[in-house]
Structure formats: structure tokens, C-alpha cells
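Last residue of the sequence shown: number 203 in full-length UniProt numbering, and the count goes up by one each step with no gaps.
The beta carbon of each residue, even a glycine, is placed where N, CA and C say it ideally should be.
What follows is one structure encoded as C-alpha cells, with my remarks underneath.
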Amino acid sequence: MNIFSLIAHPRTNSFCHAISKAARNCLQANGHTIIHHDLYAEEFDPCLKASEAYTVGDSLEEALLRSKDPLIQEHRSQISEAEGLLVVHPNWWGKPPAILAGWMDRVLVPGVAYRLETADGRPEALLHLRSAVVFNTSDTDAERERLELGDPLQSIWARCVLPYCGAKDVQRHVFRPVVGSSEKLRKDWLEEAESACRSAFRS
1 MNIFSLIAHP
11 RTNSFCHAIS
21 KAARNCLQAN
31 GHTIIHHDLY
41 AEEFDPCLKA
51 SEAYTVGDSL
61 EEALLRSKDP
71 LIQEHRSQIS
81 EAEGLLVVHP
91 NWWGKPPAIL
101 AGWMDRVLVP
111 GVAYRLETAD
121 GRPEALLHLR
131 SAVVFNTSDT
141 DAERERLELG
151 DPLQSIWARC
161 VLPYCGAKDV
171 QRHVFRPVVG
181 SSEKLRKDWL
191 EEAESACRSA
201 FRS
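Structure (C-alpha cells):
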């Protein structure tokens, strides 16, 4: 399976990076092809340009031409060909880091991720993602997340973004609390991430 991988954490020694590396190594060992992007290492510009802010129409070819940024063109082309998606990021204020939110704005655009005939119409999903797995780190207690906050990241990924774009199966896993966690617990979490990837991504 061709898997598009994203990591969004500014510190390369973060546990998010450890999760991403373990997941990718596991998937490669199982014969999958990984296209990986570290958004901070690439200095990905999250700011949507006026020329990119459109809603309806457009083919992939037109979408690629709308951005003059070769990195945006690369991401758009690669995600359009992916069968799987792997995303790792921390929970910051109940949302992904701004750099990843900007990636959604600039990459998951009409002609690439979906198509609308009219602005108020139902989308035609364009991605070919058979499976998508999102790993999050958090320091918010699970019970508080559920009762007081409503788990906004679950709504973002599993209800709003990925189904809209055509992902068939969306799984999200949260490791918490990361602060103060033991080396053994982190090792267990990495093994859990590997197991989740083996289950979600099948050739």
C-alpha cells in the first residue's frame, strides 16, 4: 500500500516523532511504501494564498497549477495517489498545530481532496484512502476530554475532514498523559502504535 505520512511537532526528540518513526518502520517492514513529510523540517508555509482560496470545480491538474509553490504541488500530487494516510501530532488547545491546520487548508483543496459542483452542494470525495490512522499525544485526562471538551480532535479527523475527502476507514489513537510517563509505558505505547498500523494497513 502507498501510504502518505505526516508528522507535525517542532521538536525532533518529541514522543510524536518516536511514534511516527515506529509506525513507519513497522509499515515498511510489512512491505508498504511510505512517503513521509515532516512539516516543521520542511518549513511548510501554512498560510493559504488568495489564489488558492476557491471552493468549487477544478481537476487535479488545475489544482496543481493554482499554487506556484512546488512543495504544495508535491503534497497535492502525492496525497491524491495515496491509499493510506498516517498522521501524528499533539493535541494543542483541542486542535492540530497551526502548521498542520494550514496543510489541510492548502493541500486538501477542491480538485485534490473533493469536488463541489455548487458551494452548497454535497461533496464528491476524490481521495482514494482505504485507511487513515491518526495518532495524538495529550496531557488531558480522558474522562475530562470526553465529558467537558467533547473530544474535538475526533470531530475534526473522523467526522469532518477525512470522511469528507473519501477515507473509507478512519482510526484515531491517543496516548496520554505523556508528561511524567515512564519509559516502560512509552515502550508499550509504541508497540500499540505498531499493532494499530499492522491492523489498519493491509496489503
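In this structure Leu39 is buried. Its beta-carbon is surrounded by 16 or more other beta-carbon atoms within 10 angstroms. Judged by their CB atoms, His89 and Cys160 are not nearer to each other than the 8 Å cut-off.
Scanning the region 27-60 for uninterrupted alpha helix (DSSP H) segments of 4 residues or longer gives nothing; none is fully contained.
If you draw a straight line from the Cα of His32 to the Cα of Ser203, it comes to about 7 Å.
Taking 8 Å as the upper bound for CB-CB distance, Glu83 and Asn2 are in contact here, some 5 Å apart.
The beta-carbon separation of Asp105 and Leu153, rounded to 17 Å, does not stay under the 8 Å limit for a contact.
Counting the other Cβ atoms within 10 Å of the Cβ of Gly57 gives fewer than 16, which makes it exposed.
Take Arg24, set aside five residues on each side of it, and the residues of its chain with a beta-carbon closer than 8 Å to its own are Ser5, Ile34, His36, Leu86, in chain order. Taking a contact as a CB-CB distance under 8 Å, the pair Val174 and Asp139 does not count as one, their CB atoms being some 11 Å apart. In the DSSP assignment, Ile3 falls within the beta strand (DSSP E) that extends over 2-7. Excluding sequence positions up to five before and after Gln78, its CB lies within less than 7 Å of the CB of Phe4, Ile35, all in the same chain and listed in chain order. One thing to note: Pro110 has its Cβ no nearer than 8 Å to the Cβ of Tyr164. The three-state reading of DSSP puts Lys95 in strand, counting E and B together.
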